[in-house]
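Heads up: the sequence shown at position 518 corresponds to 518 in our numbering, and the numbers run straight through without jumps.
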Amino acid sequence: PDAAPTFYLTTPIYYVNDAPHIGHAYTTVAADVITRWHRQRQEDVWFLTGTDEHGQKVMRTAQAHGVTPQQWADRLVEESWKPVLATLDAANDDFIRTTEPRHIERVQAFIQDLYDRGEIYAGSYEGPYCVGCEEYKLPGDLVDGTGELEGEKLCPIHGRPVEMLAEQNYFFRMSAYAERLLAHYEANPTFVQPASARNEIVSFVSQGLADLSISRSTFDWGIPIPWDTSHVLYVWFDALLNYATAAGLHATDPAEQARFERLWPADVHLVGKDILRFHAAIWPAMLMAAELPLPRQVFAHGWLLVGGEKMSKSKLTGIAPDQIIDTFGSDAFRYYFLRAIAFGQDGSFSWEDLHARYTAELANGFGNLASRVAAMVGRYYDGALPAAGAPTAAEDALADVAARAVADADAAIDRLALHEAIAAVWTLVEATNGYLTEQAPWSAAKTEVGVDGTYPQGGRLATVLVTSAEALRVLAVLLHPVIPRAAAALWESLGAEVPLGALAAQPVSGAAAFGTLPAGTVVTKGASLFPRIEEPAEQ
Ligand code: MSP
């Protein structure tokens with residue numbers, strides 16, 4: 001058989017100056033849902049995440065805490081950034097740290113190659129720099145300070161004064177790539193998505209690109225420039241390369257080289273909209289200069305807002321993922337942020353909204369459905385799934401909803417419309433609830449019950465319960481990428497593993513076909529998938 005198609009997706013690598021908040025977790029969870037969906041399609045998936053450890057921002061934080069940058073990074077990675085992946089149930093395949101030798105060596109090989117190709121030259125830079133963004137700013141990007149900051153020029157994202165740099169640096173000839181980038185956007189309409197992000201990038205690059213300063217010599221927390229070790233590489237140049245170095249670019253080990261051949265180009269770089277230009281302009285220009293294939297897509301999601309502004313630790317509006325997950329669980333966290341916010345747009349988090357959706361959608365809508373069906377199979381058939389009778393129009397209609405939910409969700413995932421994918425799946429939750437209400441198996445039970453108190457095979461009661469169990473089976477498969485714990489518990493409760501195999505092995509494409517759970521399948525009513533939660537106090 002042909003090898004399964006590969007699907008390589010990345011998150012940004014996170015700055016280790018601070019611990020993760022739910023804005024960072026949002027990117028990771030979205031990446032995890034997309035890659036789990038592709039795995040459920042039985043594709044050969046690679047999901048990369050990691051940490052961005054060099055540069056002034058991390059260096060200054062370490063200094064402020066009286067430790068070396070390496071000590072600081074080690075501590076944050078081990079105590080915060082790796083553990084949060086487990087908290088979120090993220091199933092990443094690799095975790096790259098930019099301080100690892102594999103990354104440093106391969107980055108040095110890459111920039112030496114660019115230098116040898118004449119893509120890098122020595123020059124001098126003078127202009128504003130935001131350490132929060134680790135970005136050279138244009139005067140037009142800045143806003144005027146007010147109050148205490150009167151007379152200062154501020155970064156619009158961080159609201160803090162920029163620093164004026166005047167340094168001898170090495171430059172990348174990025175200006176030479178503006179035309180080729182525009183041609184690439186034109187020829188590949190889905191290279192930058194969603195449309196708002198694409199428009200922003202096209203208009204940005206249309207104004208022309210300046211050459212990019214790619215080295216710093218006033219501090220040393222970075223990757224040394226191989227031909228001039230008095231300079232370290234600009235942290236974004238270093239960081240962007242992680243997507244290729246982790247996949248095996250410039251590896252010396254043949255197995256790593258083979259992995260690069262298999263994975264590159266990346267399918268999706270998932271990023272927040274604040275770092276779109278780096279990914280959709282600078283990164284592809286770097287790859288063009290090195291004559292490497294470009295990633296297939298850069299997708300920019302929106303921001304989680306607090307009081308109308310981007311949530312951030314530096315503005316003290318950060319909420320730690322644990323604050324939500326300790327109460328609601330990881331499944332609810334994953335579900336809520338991807339369901340409630342259109343992926344690609346900004347959204348506001350509120351405890352009330354989270355609690356309301358948890359209760360209405362997860363506890364009452366889905367969890368309750370699963371426990372009612374299992375309870376009825378228990379009550380009427382001692383937990384052994386009966387044999388269904390001939391389907392009527394009602395069963396056919398539910399099967400149609402299931403088929404449409406599978407097709408619509410699958411297509412929405414390809415557009416990275418994650419909220420639409422979940423909404424498509426939820427049509428089946430709602431239709432199954434409606435089906436149960438209308439078919440009222442408890443009424444059929446009253447008329448069909450035998451003199452000996454048993455219930456017949458092949459009647460309406462049996463047919464409705466089997467059909468509902470089939471709908472739940474489809475839901476377990478479709479929701480496995482989104483709410484993996486509840487989906488696994490449901491699979492267990494349906495006793496599906498014995499006849500059908502592991503949940504992860506169920507392909508999305510075949511999921512909708514009803515009639516797969518044989519009579520006699522052992523259904524058990526486990527613990528509630530989403531137990532009731534008291535309205536949380538204002539946090
Ligand atoms: N280190 C760089 C990325 C380098 S990638 C080669 C960086 N790190 S970050 O930790 O500041 O941000 C990482 C990701 O978290 C970005 O995608 C960013 O958009 C996301 N978020 C940080 N705050 C966010 C919100 N308030 N809302 C949504 N996402 C946000 O940038």
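A virtual CB, placed ideally from N, CA and C, is assigned to each residue, including glycine.
Taking only three categories from DSSP, how would you classify residue i?
i, result
"ASN92", "coil"
"ASN68", "Looking at the sequence shown, residue 68 is not Asn but Thr. Note: THR68 maps to coil in three-state DSSP."
"GLY453", "coil"
"LYS446", "helix"
"GLU126", "strand"
"TYR185", "helix"
"VAL192", "strand"
"TRP426", "helix"
"THR516", "coil"
"ALA478", "This sequence places Leu at residue 478; Ala is not what is there. Of the three classes helix, strand and coil, the one that applies to LEU478 here is helix, per DSSP."
"LEU142", "coil"
"VAL406", "helix"
"THR245", "helix"
"GLN207", "coil"
"GLU148", "helix"
"LYS310", "strand"
State the Cα-Cα distance for the pair residue i and residue j, rounded to the nearest angstrom.
i, j, result
"GLU135", "TYR129", "6 Å"
"SER230", "ILE214", "13 Å"
"THR51", "ALA403", "40 Å"
"VAL522", "HIS38", "29 Å"
"GLU309", "ASP274", "13 Å"
"ARG460", "LYS446", "11 Å"
"THR245", "SER203", "30 Å"
"ALA187", "ALA527", "52 Å"
"VAL306", "HIS24", "14 Å"
"ASP228", "GLN168", "12 Å"
"ARG296", "ARG75", "35 Å"
"LEU500", "THR516", "8 Å"
"VAL67", "LEU154", "29 Å"
"GLY383", "VAL498", "15 Å"
"LEU479", "ALA487", "6 Å"
"ASN92", "ALA31", "9 Å"
Taking the Cβ atom as the reference point for each residue, do residue i and residue j lie within a distance shorter than 8 Å?
i, j, result
"LEU529", "PHE366", "yes"
"ILE111", "ILE225", "yes"
"VAL373", "SER468", "yes"
"THR11", "LEU270", "yes"
"GLN63", "THR99", "no"
"GLY132", "HIS158", "yes"
"LEU304", "TYR26", "yes"
"THR87", "PRO321", "yes"
"VAL474", "ALA512", "yes"
"GLN42", "ALA90", "no"
"LEU114", "ALA290", "yes"
"MET174", "LEU209", "yes"
"VAL29", "LEU416", "no"
"ALA421", "ALA431", "no"
"PHE7", "ASP267", "yes"
Among residues of its own chain, excluding the 5 on either side of residue i, which ones have a beta-carbon nearer than 6 Å to its beta-carbon?
i, result
"ALA405", "ALA424, VAL425, THR427 and LEU428"
"TYR177", "ALA285 and MET288"
"ILE324", "PHE333"
"ALA19", "SER80"
"GLN506", "VAL477"
Excluding the 5 residues preceding and the 5 following residue i in the sequence, name in chain order all residues of the same chain whose CB lies nearer than 7 Å to its CB.
i, result
"HIS250", "ARG106, ALA109 and PHE110"
"PRO386", "GLN457, ALA462, LEU465, VAL466 and ALA519"
"ALA340", "GLY347, ASP353 and ARG357"
"PRO441", "MET376, LEU461, VAL464 and LEU465"
"LYS525", "SER371, ALA374, ALA375, GLY378 and SER493"
"GLN545", "Here the chain has residues from 1 to 539 only, and residue 545 is not among them."
"LEU398", "ALA431, THR432, TYR435, THR467 and ALA471"
"ASN242", "ILE13, GLY50, ILE96, THR98 and HIS103"
Any beta-carbon of chain B closer than 8 Å to the one on residue i?
i, result
"VAL271", "Of the protein chains in this structure there is only one, and it is not chain B."
Looking only at its own chain, which residues have a Cβ that is under 8 Å from the Cβ of residue i, when we skip the five neighbours before and after it?
i, result
"ALA73", "VAL16, THR51, GLU53, VAL58, ALA62, ARG97 and THR99"
"ARG485", "ASP89, GLY329, SER330 and ASP331"
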